[in-house]
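Q: Add 11 to the 1-based position in the sequence shown for the working numbering, that's all there is to it.
Here it is: the structure, laid out below.
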Amino acid sequence: MSEIQLNWQPDKTASTPIYQQITTYFQHAIASGEWPMGAKLPAQRKLAAQFGVNRSTLITALDDLIAVGLITSNPGSGMTVSGNHWSSLLAEHVNWSQYVKAGQFKPNTSAIQKINQFETDAVIRLSTGEPAPEQFPRELFQKALAKLGNTLTSLNYTEPAGILALREQLARHLAKVGIHTQPENILITSGSLQALQLVSVSLFPKDATIYTEAPTYVKSLQVFQSANTHLSGVPMDNQGMAYWQMTPPAKDSQAIMYTIPTFNNPTGIVMSADRRQQLLTYAQEHQIPVLEDAAYQDVWFEQQPPQPLKALDTAGNVIYFGSISKSLAPGLRLGWTVASKPVIDRLTDVRMQTDYGASSLSQLVLAEILADPDYDNYQAHFRAVLTKKAAAAQAILQKYWGNGIATWQAPTGGFYLWIRLADRINIPKLFDLATAQNVLFNPGNIYDFKPNQYIRLSFSYESTARFERGIQILTDLIQQNFPVGGAKHASERTTDSSVF
12 MSEIQLNWQP DKTASTPIYQ QITTYFQHAI ASGEWPMGAK LPAQRKLAAQ
62 FGVNRSTLIT ALDDLIAVGL ITSNPGSGMT VSGNHWSSLL AEHVNWSQYV
112 KAGQFKPNTS AIQKINQFET DAVIRLSTGE PAPEQFPREL FQKALAKLGN
162 TLTSLNYTEP AGILALREQL ARHLAKVGIH TQPENILITS GSLQALQLVS
212 VSLFPKDATI YTEAPTYVKS LQVFQSANTH LSGVPMDNQG MAYWQMTPPA
262 KDSQAIMYTI PTFNNPTGIV MSADRRQQLL TYAQEHQIPV LEDAAYQDVW
312 FEQQPPQPLK ALDTAGNVIY FGSISKSLAP GLRLGWTVAS KPVIDRLTDV
362 RMQTDYGASS LSQLVLAEIL ADPDYDNYQA HFRAVLTKKA AAAQAILQKY
412 WGNGIATWQA PTGGFYLWIR LADRINIPKL FDLATAQNVL FNPGNIYDFK
462 PNQYIRLSFS YESTARFERG IQILTDLIQQ NFPVGGAKHA SERTTDSSVF
């Protein structure tokens with residue numbers, strides 16, 4: 012379908028904001044049938060020139076139109092009309108943008124939204140923190156499903172805290188890393204994200220301070236900030252969070268510590284055994300609860316990491332989050348929380364107000380897999396494959412970027428390489444150029460508390476061949492747009508806050 016031709020401009024003398032005039036114009040054109048579904052819109056730069064406005068004003072209007080389903084932004088092919096007659100009329104008569112922006116839950120940043128939208132099979136996904144599809148253990152699942160098929164009598168709601176058989180298997184599994192707990196101290200959740208949200212709405216007092224590593228995974232989320240809390244970044248060294256650089260909370264204020272001590276996302280840093288004990292002692296002295304995110308606990312290469320904080324916790328200060336998403340199958344949507352009984356009871360009660368538990372079928376399948384003696388063999392093979400992919404990814408980076416484009420540290424587990432690009436490279440611009448070429452990576456600033464010169468690349472999801480193809484495309488873009496000796500853009504002059 013040919014591109015829509017426009018012959019309109021907003022009235023800059025009117026009291027109605029310009030972005031709202033643009034939104035109304037689009038709504039009328041779609042509702043009247045002047046712009047049919049599937050019609051292609053001009054590029055943002057061309058639209059901004061046509062309307063005589065800056066791109067930020069245009070993007071505000073486009074975001075509102077996308078939110079109500081009137082237009083769609085497609086990676087590599089621009090924007091198209093997606094709203095039908097009903098949604099157009101509804102958008103015309105109801106100011107949905109007011110409702111879209113009124114909720115308590117804060118929206119993701121534009122970069123995160125773009126990453127979430129672009130993670131499709133058509134894109135080389137150097138961003139995706141998932142196991143590769145070819146590592147899926149079909150035989151384990153087939154055995155579990157076959158056994159369940161002979162014994163399954165119902166798929167009703169489960170016990171409020173999760174199926175007992177699964178919690179028993181998890182207690183056995185956790186004992187291998189030194190966490191000795193009981194099924195009544197375990198809550199099954201729909202992945203770790205649900206656990207984070209439950210904790211934020213159930214246990215965080217308003218205006219509490221959340222101390223966390225800088226950079227960290229949770230900085231790329233809005234779940235804590237949406238609970239009216241404040242994130243405070245704490246620097247790291249090569250042994251983990253530098254807890255002594257925290258400012259202790261005021262006497263009448265409350266604080267919580269969130270940490271990923273094992274293969275921090277995005278840096279890959281592993282907190283040393285000594286640092287873990289020191290951090291726990293500090294937290295206990297200052298009566299600061301600790302949230303331990305252990306998503307990558309089982310994803311080590313050659314040397315098993317130190318015991319989790321929860322294994323060292325003698326005072327009940329630590330709430331432990333685990334997940335099967337990184338070591339087995341994210342599509343099961345299963346995670347678990349380990350804490351004292353009053354905390355588990357509170358989280359369970361709140362969770363029962365939002366859903367009636369994670370999928371009972373997923374829970375039954377996982378219980379069977381964890382009980383299967385072949386699960387340990389699968390884990391060993393999984394780690395071996397990941398170790399080879401990490402080594403291959405670093406060899407590729409050395410080949411293309413070892414001449415001054417980037418530096419990095421070798422990971423000892425997890426899925427990622429935390430890479431510092433040369434100062435001349437404008438990372439936001441590279442991100443936009445790369446997505447236009449169907450290559451996706453994660454800019455480092457989505458994890459940090461201030462701009463940095465890092466990117467996070469995943470070696471877990473794509474094949475080594477596709478990883479190299481992605482690096483080839485990024486290398487061409489860097490050489491074409493950020494040549495050695497080229498002028499340095501103002502946005503490139505950033506201050507690093509990472510330890511690498």
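Ideal Cβ placement from N, Cα and C applies to all residues, glycine included.
Can you give, in chain order, each stretch of the alpha helix (DSSP H) that sits fully within the segment 258-318 and has at least 4 residues?
A: Segments of the alpha helix (DSSP H) lying fully in the segment 258-318: 284-296.
Q: Got a sec? Which residues, its chain only, sit under 6 Å from Asp304 by beta carbon, not counting five neighbours each side?
A: Taken in chain order, the residues that qualify are Ile271 and Phe332.
Q: So does the segment 344-362 actually touch the segment 311-318, counting three or more Cβ pairs closer than 8 Å?
A: No, the segment 344-362 does not touch the segment 311-318.
Q: In its own chain, which residues sit with a C-beta less than 6 Å from the C-beta of Tyr411, not counting the 5 before and 5 after it?
A: Closer than 6 Å at Cβ, skipping near neighbours: Ile482 and Thr486.
Q: For the alpha helix (DSSP H) that Glu150 lies in, which residues bound it at each end?
A: Looking at the DSSP string, the run of the alpha helix (DSSP H) that includes Glu150 is Arg149 to Thr162.
Q: State the DSSP-derived secondary structure class of Ser243, mapped to helix, strand or coil.
A: Ser243 falls in the strand class under three-state DSSP.
Q: Does DSSP put Arg435 in a helix, in a strand, or in coil?
A: If DSSP states are grouped into helix, strand and coil, Arg435 belongs with coil.
Q: Locate the alpha helix (DSSP H) running through Thr359, then write down its first and last residues.
A: Note, Thr359: alpha helix (DSSP H), Lys352 to Arg362.
Q: How big is the Cα-Cα spacing for Gln409 and Gly415?
A: Each residue's Cα considered, the two are about 10 Å apart.
Q: Buried or exposed: Met166, going by 16 or more other Cβ atoms within 10 Å of its Cβ?
A: Checking the sequence shown, residue 166 turns out to be Leu, not Met. Exposed, since its Cβ has fewer than 16 Cβ neighbours within 10 Å.
Q: Have a look at Leu441 and Gly244 and give me their C-alpha separation to the nearest angstrom.
A: Cα to Cα, Leu441 sits roughly 26 Å from Gly244.
Q: Which word fits Met252, buried or exposed, when buried means at least 16 other C-beta atoms lie within 10 angstroms of its C-beta?
A: Label assigned to Met252: buried.
Q: Here's the rule: buried if 16 or more other CB atoms are within 10 angstroms of the residue's CB, otherwise exposed. What is Met90?
A: The residue in question, Met90, is buried, as its Cβ has 16 or more Cβ neighbours within 10 Å.
Q: Assuming Thr292 and Met247 form a contact by the criterion Cβ under 8 Å, report the distance between their Cβ atoms to the nearest whole angstrom.
A: About 18 Å separates the two Cβ atoms, so there is no contact after all.
Q: With 8 Å set as the bound, which would you pick, yes or no: does the beta-carbon of Ala340 sit closer than that to a beta-carbon of chain C?
A: Given the protein chain composition of this structure (a single chain), no chain C is represented.
Q: Is it buried or exposed for Pro353, if we count other Cβ within 10 angstroms and need 16 for buried?
A: It is exposed - the Cβ of Pro353 has fewer than 16 other Cβ atoms within 10 Å.
Q: For the candidate residues Leu468, Pro462 and Ala447, whose alpha-carbon lies nearest to that of Ala133?
A: Answer by Cα proximity: Ala447.
Q: Here's the rule: buried if 16 or more other CB atoms are within 10 angstroms of the residue's CB, otherwise exposed. What is Phe116?
A: It counts as exposed.
Q: So Ser469 is in the beta strand (DSSP E); what residue range does that whole segment cover?
A: Run containing Ser469: Tyr465 to Ser469, per the beta strand (DSSP E) assignment.
Q: Go ahead and label Gly201 buried or exposed: buried means 16 or more other beta carbons lie within 10 angstroms of its beta carbon, across all protein chains shown.
A: The sequence given here places Ser at residue 201; Gly does not occur at that position. So Ser201 counts as buried.
Q: With a threshold of 8 Å on Cβ separation, who are the neighbours of Arg512 within its own chain once the five nearest residues in sequence on each side are excluded?
A: Given a span of 12 to 511 for the chain in the structure shown, any question on residue 512 remains unanswerable.
Q: Along the chain, where does the alpha helix (DSSP H) that runs through Glu130 open and close?
A: Element bounds for Glu130: n/a, residue is neither H nor E.
Q: Checking the sheet assignment: what are the DSSP bridge partners for Thr91?
A: In the DSSP output, where bridge partners are listed per residue, Thr91 has Lys51 and Thr83.
Q: Determine the DSSP secondary structure at Asp507, reduced to helix, strand or coil.
A: The predicted position of Asp507 is uncertain, since its pLDDT is 49 and thus under 50; no value can be drawn from it.
Q: Locate the alpha helix (DSSP H) running through Val495, then write down its first and last residues.
A: Counting along the chain, Val495 falls outside any alpha helix (DSSP H), and DSSP gives it neither H nor E.
Q: For Gly251, which of helix, strand or coil comes out of DSSP?
A: It is a strand residue.
Q: Glu473 and Arg149: beta carbons closer than 8 Å?
A: Not a contact, by the Cβ cut-off of 8 Å.
Q: Is Leu432 near Ala445, with beta carbons less than 8 Å apart?
A: Cβ atoms of Leu432 and Ala445: not closer than 8 Å.
Q: Identify every residue that forms a DSSP beta bridge with Arg136.
A: For Arg136, which the question treats as bridged, DSSP gives the partners Leu451.
Q: Using the beta-carbon count (16 or more within 10 Å), is Asp282 buried or exposed?
A: Contrary to the premise, residue 282 reads as Met rather than Asp in this sequence. It is buried - the Cβ of Met282 has at least 16 other Cβ atoms within 10 Å.
Q: Can you give me the Cβ contacts of Val510 inside the same chain, cut-off strictly under 8 Å, excluding the 5 residues immediately before and after it?
A: Note that Val510 scores 49 on pLDDT, short of 50, meaning its location in the model is unreliable; the coordinates nonetheless yield the value given after this. Here the set comprises Pro246, Met247, Asp248, Asn249, Thr278 and Ile280.
Q: Confirm, please, whether the CB-CB distance from Ala72 to Ala378 is below 8 Å.
A: Contact flag unset, no.
Q: Which term fits Pro216, buried or exposed, when burial requires 16 or more other beta carbons within 10 angstroms of its beta carbon?
A: Per the 10 Å Cβ criterion, exposed.
Q: Please state the DSSP three-state secondary structure of Ala143.
A: It is coil, neither helix nor strand.
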